[in-house]
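See structure below.
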Amino acid sequence: MSKRRLIFYSDARHTHIYAYDPPLRVEDAVAPVDDVAGTGVDTFVYGFGAGLTMYHNTTVGETWAEHLIKAGKTTFREPEIWNTFPFWRAYSNIKSLRDRGLDLLELLTDRAHEKGLEMWGSIRTNHGQDPAFIDTADNSTFKIEHPELHLKTVPGQPFNWAYSEVRAERLALFEEAVTNYDLDGMEIDFVFSQYLFERGEVEANKHLVTEFMADARRIVDKAAADKGKPFTLGARVFPTPESNAATGLDIADWIADGLVDFLVPAVYGPIQMDVNLPFEWLVDLTSETPCDVYPALQDKVFSVHTSGIHQVDRRIYEHAATPEHFRAGAAAYWAKGADGIYLPWFDWPVEANEKQILSEIHDPDLLREKPKHYWSPVRDVDGDYEGYESQLPVTLQTGVEASEQVVSLYLADDSARSDVRLRLKLTGSVAADVMSVTLNGHELDWKTSRVTRHGGGGDIFAWADFPIEPDMLRLGSNDIGVSVLSRPENLVASVILQSVEVLVDYPGNAANTEFDRISLGRRL
Numbered sequence: 013m014s015k016r017r018l019i020f021y022s023d024a025r026h027t028h029i030y031a032y033d034p035p036l037r038v039e040d041a042v043a044p045v046d047d048v049a050g051t052g053v054d055t056f057v058y059g060f061g062a063g064l065t066m067y068h069n070t071t072v073g074e075t076w077a078e079h080l081i082k083a084g085k086t087t088f089r090e091p092e093i094w095n096t097f098p099f100w101r102a103y104s105n106i107k108s109l110r111d112r113g114l115d116l117l118e119l120l121t122d123r124a125h126e127k128g129l130e131m132w133g134s135i136r137t138n139h140g141q142d143p144a145f146i147d148t149a150d151n152s153t154f155k156i157e158h159p160e161l162h163l164k165t166v167p168g169q170p171f172n173w174a175y176s177e178v179r180a181e182r183l184a185l186f187e188e189a190v191t192n193y194d195l196d197g198m199e200i201d202f203v204f205s206q207y208l209f210e211r212g213e214v215e216a217n218k219h220l221v222t223e224f225m226a227d228a229r230r231i232v233d234k235a236a237a238d239k240g241k242p243f244t245l246g247a248r249v250f251p252t253p254e255s256n257a258a259t260g261l262d263i264a265d266w267i268a269d270g271l272v273d274f275l276v277p278a279v280y281g282p283i284q285m286d287v288n289l290p291f292e293w294l295v296d297l298t299s300e301t302p303c304d305v306y307p308a309l310q311d312k313v314f315s316v317h318t319s320g321i322h323q324v325d326r327r328i329y330e331h332a333a334t335p336e337h338f339r340a341g342a343a344a345y346w347a348k349g350a351d352g353i354y355l356p357w358f359d360w361p362v363e364a365n366e367k368q369i370l371s372e373i374h375d376p377d378l379l380r381e382k383p384k385h386y387w388s389p390v391r392d393v394d395g396d397y398e399g400y401e402s403q404l405p406v407t408l409q410t411g412v413e414a415s416e417q418v419v420s421l422y423l424a425d426d427s428a429r430s431d432v433r434l435r436l437k438l439t440g441s442v443a444a445d446v447m448s449v450t451l452n453g454h455e456l457d458w459k460t461s462r463v464t465r466h467g468g469g470g471d472i473f474a475w476a477d478f479p480i481e482p483d484m485l486r487l488g489s490n491d492i493g494v495s496v497l498s499r500p501e502n503l504v505a506s507v508i509l510q511s512v513e514v515l516v517d518y519p520g521n522a523a524n525t526e527f528d529r530i531s532l533g534r535r536l
C-alpha cells in the first residue's frame with residue numbers, strides 16, 4: 013500500500029450533511045472529496061454519522077432519526093433551537109438520497125477512488141446522550157430502550173463497554189462497513205468520548221477493549237483476503253500513555269499483537285493546534301513495527317482575555333489557523349517523527365487559502381525556509397486530559413527571589429538565514445514593571461524589544477516582541493522563561509503570561525505572507 017502523508021477527516025456533519033439544504037444533490041453528496049482532490053491529501057476519512065446512528069444505509073444499526081420516523085415524529089423542533097435546523101437538514105438530505113436508491117457512503121467511496129484517494133471509514137466507540145430524550149434526532153432506539161447499559165459514574169451517559177451488547181452493537185456496524193463497502197481502511201475512534209467503563213473499573217475491564225480490537229483485526233483480515241486487496245485498520249487514541257490508560261486502551265499490547273496498522277494521537281476538544289503534542293512515545297513504541305503514527309493537527313488557535321483585579325473573568329476566542337500556523341505545526345510533527353499528518357478538523361469552505369495549506373504540509377521539503385508561526389495553546393475547560401495539559405496562561409510570581417516560570421515550545425526551524433521574533437502577551441502588565449525574559453538560558457535585552465500596550469479598565473495587556481538571533485534557537489523544545497522582578501507596591505494584581513509565540517520568516521518571503529502584519533501588532 014502506498015505511503016500515506018496527509019489524511020483528511022470529514023466528520024459528516026457540520027461541513028456536509030448540516031450544511032446543504034435538501035434535497036441533497038449528488039454533486040453536494042461528494043463535495044467533501046472534491047474539496048481536497050488535487051491537493052496533497054492522499055487519504056479521505058469519513059465519519060459515520062453523529063455516533064449513535066449512521067448516515068449510510070445500514071441494515072444492522074439505525075440511520076439518523078430512524079426512531080422518530082418509526083414513531084411518525086418527523087416535524088423537527090429540537091429541545092435546543094440550535095439543533096433544529098441542522099437536524100432537519102440531516103434527516104431531509106439522507107431521506108432524499110435513500111428515496112432515489114442512493115447510499116451516501118457508496119457515493120463518497122466511489123468518488124474518492126475516482127480522484128485517486130484512499131477511502132477510510134471512521135466509527136466512534138461511544139456517544140453520550142440521555143435516553144430520556146426520546147424526541148431528539150440525535151438519539152437511537154438502542155440507547156432509549158437500554159438505560160441499564162449506560163455508565164452511572166461519569167458525565168454524559170455514554171454506554172458501558174463492560175456489557176457485551178454494547179460492544180456487539182459497535183462491532184456489527186464495523187463489520188458491515190468493512191464487508192459491504194469498497195473501503196480501503198477503517199478507523200476506530202476512542203477519542204470522541206473518553207469513557208468506556210465505570211470509575212474504578214477500568215483496569216479490570218481493559219482486556220475487553222483489546223479483545224474488541226482483535227475481533228476487528230480478524231474482520232478486516234478476512235475482508236482483505238475475500239476482496240484480494242489490502243485493508244488498513246487503526247485507531248484514534250489519546251496523546252499520552254496516562255490518558256489512554258485512564259480510558260482502558262492498552263496501546264502497547266495492540267502494537268505488540270499486530271492489531272493496528274496506524275494510530276492517530278488526538279484530542280476532541282479543544283480543537284487548537286499544538287506543536288508540543290506529545291506523541292513521541294508512540295513513535296518510539298512503533299519504531300520497530302509496521303504500525304504508523306499519524307498525529308492529529310488541529311485547525312484553530314485560541315486566544316484568551318482576562319479582566320478584573322483577580323483576573324477571574326476569562327473569555328476564549330477561536331481563530332482559524334493561518335498557513336503560517338499550519339506550516340509550523342506540520343514542520344514540528346515531521347521533525348518529531350510523524351509518519352503522516354491527520355487533519356481531524358479543517359476550515360470550511362475549502363477555498364484557495366485552504367488548498368494552499370493542503371498542498372504544502374504533506375511534504376516537509378516544501379516547508380523548509382517558509383514563514384511559520386509557532387503558537388502555544390491556552391488552557392480550556394475541555395482541553396486537559398491525563399498527562400496532557402496546556403501550559404498557558406501562567407500567573408507570574410513577583411520579586412527578585414521569585415522563580416522564573418518557563419513555557420516550552422517545539423520549533424523545527426534552525427536556519428541561520430531566518431528572521432525570528434519571540435512574542436509574548438502579558439495581561440495586567442504596566443510600564444513600571446521590571447521583567448526578565450530568557451530564551452534557552454539567554455537573557456533577552458528589553459532595549460531591543462517592541463512593546464505595545466492595549467486595553468483599559470480591568471482588561472489591560474501588553475504585547476512584547478523580541479528579535480531573536482537564530483543561534484539562540486534549538487531544533488526541538490525551546491524554553492522561554494519569564495519573571496517579574498518588581499512592580500508598583502500598591503498594585504496588587506498579578507501579571508499573567510497569556511501567549512507565547514515564535515514567528516519565523518526568511519528573506520524574500522515577506523511580500524507573500526502575513527509575517528509583517530503580525531510583527532507590527534495587527535492581530536489575527
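In my numbering, the protein residues as written are 13 to 536. From the three backbone atoms N, C-alpha and C, an ideal C-beta is built for every residue, glycine too.
Check	Outcome
Could you pull the DSSP bridge partners for Lys162 from this structure?	Strictly speaking, residue 162 in this sequence is His, with Lys absent from that position. Answer is Phe171.
Is Tyr329 helix, strand or coil by DSSP?	strand
What does a CB cutoff of less than 6 Å around Gly320 pick up in its chain, not counting 5 residues either side in sequence?	Note that Gly320 scores a pLDDT of 44, beneath 50, so its modelled location is shaky and nothing firm can be said.
How many whole angstroms separate the CB atoms of Tyr207 and Gly133, which I take to be in contact at a CB cut-off of 8 Å?	Rounded, the Cβ-Cβ distance is 23 Å, inconsistent with contact.
Between which two residues does the alpha helix (DSSP H) harbouring Met225 extend?	214-239
Could you pull out every unbroken beta strand (DSSP E) segment of at least 3 residues lying fully inside the stretch 13-50, listed in chain order?	18-22
Give every residue of the same chain whose Cβ lies closer than 7 Å to the Cβ of Val166, excluding the five residues on either side of it in the sequence, and list them in chain order.	Tyr207, Arg211
Less than 7 Å separating the Cβ of Ala278 from some heavy atom of the ligand HEM?	With respect to small molecules bound, the structure shown includes none, and the ligand HEM cannot be examined in it.
Using C-beta distances below 6 Å, list every residue in its chain close to Ala49, excluding the 5 sequence neighbours before and after it, in chain order.	Lys127
Straight-line CA distance for Ser104 to Val203?	29 Å
How about Arg179 and Leu220: do their beta carbons lie closer than 8 Å?	yes
With DSSP as the reference, please indicate the residues paired to Ile492 in a beta bridge.	Val419, Leu451
My guess is that Asp115 and His68 are in contact by the Cβ rule of under 8 Å, so how many angstroms apart are they, rounded?	6 Å
I think Glu416 touches Val494, with their Cβ atoms under 8 Å apart; what is that distance to the nearest whole Å?	7 Å
Just to check my reading of the structure: Val190 and Ile231 have Cβ atoms closer than 8 Å, yes? What is that Cβ distance to the nearest angstrom?	5 Å
According to DSSP, Gln409 sits in a beta bridge with which residue or residues?	Beta-bridge pairing links Gln409 to no other residue.
Identify every residue that forms a DSSP beta bridge with Met131.	Phe56
Roughly how many whole angstroms lie between the Cα atoms of Leu378 and Thr51?	13 Å
What does Arg211 pair with, by DSSP beta-bridge criteria?	None; Arg211 has no bridge partner.
What does DSSP give as the partner residue(s) for Lys437 in the beta ladder?	Trp475, Ser511
Going straight from the alpha carbon of Leu423 to that of Glu455, what length do you get?	19 Å
Short check: CB of Leu434 to CB of Val514, under 8 Å?	yes
Using the C-alpha atoms, what's the distance from Arg499 back to Asp445?	4 Å
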